[in-house]
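Below: one structure, written as structure tokens.
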Amino acid sequence: MPTTASKNSKQQINSDEALSPVLVWGGGFALVVLVAVLFWGVWKTQFAAPPGHLFDTPSLDVEAGYCLSVAQSIVPSGAPPGSYFEEAAQFWVKRMRDIKSDMGPAIAQGRAKLAVDKQASGQKASVWLQYAMDLCSRRALNYGAHFRSFD
Numbered sequence: 001m002p003t004t005a006s007k008n009s010k011q012q013i014n015s016d017e018a019l020s021p022v023l024v025w026g027g028g029f030a031l032v033v034l035v036a037v038l039f040w041g042v043w044k045t046q047f048a049a050p051p052g053h054l055f056d057t058p059s060l061d062v063e064a065g066y067c068l069s070v071a072q073s074i075v076p077s078g079a080p081p082g083s084y085f086e087e088a089a090q091f092w093v094k095r096m097r098d099i100k101s102d103m104g105p106a107i108a109q110g111r112a113k114l115a116v117d118k119q120a121s122g123q124k125a126s127v128w129l130q131y132a133m134d135l136c137s138r139r140a141l142n143y144g145a146h147f148r149s150f151d
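Numbering-wise (the working numbering), the sequence shown opens with residue 1 and increments by one.
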């Protein structure tokens, strides 16, 4: 006749691998804390701008001047009021004010760098401007911009 285990005995596959409840709960708690800290770290850094400046500009204010020049020159006749391009231009002007830099030299250096880049692109200057506008817009979003025209 087969023997049955009594109600008081525990079935263990390997008695050497038994985990104590303190180890299970303590390890589970530590894992939850680690995941929470990693989540918080990723959440806080997602809004930070990537290291370096766009288009090899030397500083934040020249980067803002470059992107302002892109936003102003992408529509040759001028950006329509309330358009995405006008919003981008306004954002970059505000960015330069927030940096508290001298806007004149920053815009001049940004325009000079943009002129060099457009010249290097040759026949595809309009494609370069669209590419630059895309990168500048992504950077603006990283800096906290919100474009109402996309709502």
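All C-beta atoms, glycine included, are put in the ideal place defined by N, C-alpha and C.
Bear in mind the structure is a predicted one, so any value in this text is a computation, not a measurement.
Item: Neighbourhood of Leu-34 by C-beta, 7 Å cutoff - its chain only, sequence neighbours within 5 removed; Value: none
Item: Identity of the residue in Trp-40, Cys-67, Ser-149 nearest Ala-106 by Cα; Value: Cys-67
Item: Close-in-space but distant-in-sequence residues of the same chain around Glu-86 (CB under 6 Å, 5 per side omitted); Value: Ala-79
Item: Alpha-carbon spacing of Ala-108 relative to Ala-89, whole angstroms; Value: 15 Å
Item: Selection from Phe-55, Phe-29, Gly-104, Lys-118 that minimises the alpha carbon distance to Arg-139; Value: Phe-55
Item: Residue environment, Ser-149, which counts as buried when at least 16 other CB atoms sit within 10 Å; Value: exposed
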